[in-house]
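One structure below.
Right, dumping it as structure tokens:
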């Protein structure tokens, strides 16, 4: 998990569409993860991702784990580039429109100290 | 230590599916470590710290106390990576897509655990409400 720089996350006023774009994020490429002997190499990742809410509402409420999410199932797409300089490798995805996530949601959540059970 | 050739041949055997997963894992682990730990070999230095912990977001305790959110997005699952949080969230998983590497090889990406998300809003850390936006990649 990394902080999103200012301007990197744009959410529409109605909350139904979000665009997340970050450039040159320092990550570690660890192809064998989670194997104990997984070797990690410094890598750089840039990406743009879009979530668009569908009409399907969701409410996930779990009093035991103390979280509640209210929102929508969504369509999500991503385009990304990854560079692993130490091995001279780079990879670039096809355009955003060519990808899709089989599961996505967008909404509002409360958890922990902010959670109150639904009545 | 492997030679460069070993590393390259190692790469050619791998699948980008697991690459994406590895990147996600590494990214997840980095933020919730304290600066001292993340600095690796740097000697520890005395710093002024909040008595009750730093102002970094607190991980979901029942998922992984070390801050590695070992759970892809899914129905009825906790989307946030931050505990004591209220705000906007989005998650997605199980991507299907293709790309091309710098040698012209077409490589697919996406598994059920290739998941991304963001959290934007208020979280409680260091005994006071904080605000911020974070992503899991």
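Chains as they are written, first to last, in my numbering: chain A, 761 to 879; chain B, 43 to 179. Every residue gets a Cβ at the ideal spot worked out from N, C-alpha and C, and that includes glycine. Being a predicted model, the structure only gives us computed values, none of them experimental.
Could you tell me whether any Cβ in chain B is nearer than 8 Å to the Cβ of residue 767/A? Translated into the one-based positions of the first chain, residue 767/A becomes position 7. It does not: the Cβ of residue 767/A has no partner Cβ on chain B nearer than 8 Å.
Buried or exposed, going by whether 16 or more other CB atoms sit within 10 Å of the CB of residue 793/A? Counted from its first residue, the first chain places residue 793/A at position 33. Buried, because 16 or more other Cβ atoms sit within 10 Å of the Cβ of residue 793/A.
Determine the chain B residues that contact residue 873/A at a beta-carbon separation under 7 Å, and present them in chain order. Within the first chain, the letter at position 113 stands for residue 873/A. Simply 126, 166.
Return the chain-ordered list of same chain residues with a C-beta closer than 6 Å to the C-beta of residue 173/B, the five sequence neighbours on each side being excluded. As a first step, residue 173/B must be located in the second chain, where it is residue number 131. Cβ neighbours of residue 173/B beyond the five flanking positions: 164.
Taking Cβ to Cβ, would you say residue 96/B is nearer than 8 Å to residue 175/B? For the purposes of this step, residue 96/B is taken as the residue at position 54 of the second chain. For the purposes of this step, residue 175/B is taken as the residue at position 133 of the second chain. No.
Which partner residues does residue 161/B have in the DSSP bridge list? Along the second chain, one-based indexing puts residue 161/B at 119. Per DSSP, 131/B, 176/B.
Residue 845/A CB to nearest chain B CB: under 8 Å? Taking the first chain and counting its residues from 1, one reaches residue 845/A at position 85. Judged by the 8 Å Cβ criterion, residue 845/A is not in contact with chain B.
Within 8 Å, strictly: CB atoms of residue 858/A and residue 161/B: Within the first chain, numbered from 1, the residue matching residue 858/A stands at position 98. Within the second chain, numbered from 1, the residue matching residue 161/B stands at position 119. No; because the gap between Cβ atoms is not below 8 Å, this pair is not in contact.
Taking 8 Å as the CB-CB limit, is residue 116/B close to chain A? Taking the second chain and counting its residues from 1, one reaches residue 116/B at position 74. Cβ-Cβ to chain A under 8 Å: yes for residue 116/B.
Give the C-beta separation of residue 782/A and residue 177/B to the nearest angstrom, bearing in mind that I take them to be a contact with Cβ-Cβ under 8 Å. Locating residue 782/A in the first chain gives position 22, counting from the first residue. Locating residue 177/B in the second chain gives position 135, counting from the first residue. About 7 Å; that satisfies the 8 Å criterion.
Hey, residue 120/B and residue 827/A: beta-carbon distance below 8 Å or not? Mapped onto the second chain, residue 120/B falls at position 78. Mapped onto the first chain, residue 827/A falls at position 67. It is a contact, given that the beta carbons lie within the stated cut-off.
When you compare only the Cα positions, how much space is there between residue 770/A and residue 158/B? The residue labelled residue 770/A in the question sits at position 10 within the first chain. The residue labelled residue 158/B in the question sits at position 116 within the second chain. It is roughly 16 Å from the alpha-carbon of residue 770/A to the alpha-carbon of residue 158/B.
Who are the neighbours of residue 162/B on chain A, taking C-beta pairs under 8 Å? Working through the second chain from its first residue, we reach residue 162/B at position 120. Here the neighbours are 764, 769, 771.
Quick one: grab the DSSP three-state call for residue 847/A. Your numbering for residue 847/A matches position 87 in the first chain. Here residue 847/A sits in helix by DSSP.
Give the range of the beta strand (DSSP E) segment to which residue 787/A is assigned. The count along the first chain starts at 1 and reaches residue 787/A at position 27. First-last of the beta strand (DSSP E) with residue 787/A: 777 to 789.
What's the gap between the Cα of residue 148/B and the Cα of residue 819/A? As a first step, residue 148/B must be located in the second chain, where it is residue number 106. As a first step, residue 819/A must be located in the first chain, where it is residue number 59. Those two C-alpha atoms are separated by around 39 Å.
Interface residues of chain A around residue 96/B at Cβ under 8 Å? In the second chain, the residue the question calls residue 96/B occupies position 54. Here the premise fails: no neighbours, minimum Cβ distance about 13 Å.
8 Å Cβ cutoff, residue 155/B in contact with chain A: To locate residue 155/B, count along the second chain from 1; it is residue 113. No - not a single Cβ of chain A is within 8 Å of the one on residue 155/B.
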